[in-house]
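One structure is given here, and the rest of the page talks about it.
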Amino acid sequence: MDYPSIVVHTPGLDGSRRVTMGDETLGVAYHLDDVVEILRRADVGHDLDAIEVEESDIIDWQGGGPDEWPGLSEHPGE
Numbered sequence: 000m001d002y003p004s005i006v007v008h009t010p011g012l013d014g015s016r017r018v019t020m021g022d023e024t025l026g027v028a029y030h031l032d033d034v035v036e037i038l039r040r041a042d043v044g045h046d047l048d049a050i051e052v053e054e055s056d057i058i059d060w061q062g063g064g065p066d067e068w069p070g071l072s073e074h075p076g077e
């Protein structure tokens, strides 16, 4: 099955990451498990688990990979 390209955006100051598919915002994630749930609810990742989401070719992890969930105190200059 062909899946559309998914983008997990650069973490915000609170560590959250917006998840989009094209021009549509699917949700806001605070952890890898949130990304899995957002994709499941969007009926994009109903067969994916956390490991598959981490390694998936359809997901563009911007501003850091699936292990990057910095909180406010971790941002430089804050």
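Numbering-wise, numbering that gives the first Met the number 0 puts 67 at position 68 of the sequence shown, and it's gapless, one number per residue.
Glycine residues also receive a C-beta, built at the ideal position from the N, C-alpha and C atoms.
Ile57 - DSSP class collapsed to helix/strand/coil: coil
Within 7 Å, strictly: CB atoms of Ile37 and Val7: no
Euclidean distance between Cα positions of Leu12 and Met20: 22 Å
Segment limits, beta strand (DSSP E) that includes Leu25: Glu23 to Ala28
Buried versus exposed, by CB contacts within 10 Å (16 or more), Ile50: exposed
Between the CA atoms of Ala28 and Asp66 - distance to the nearest angstrom: 12 Å
Val35 in three-state terms, based on DSSP: helix
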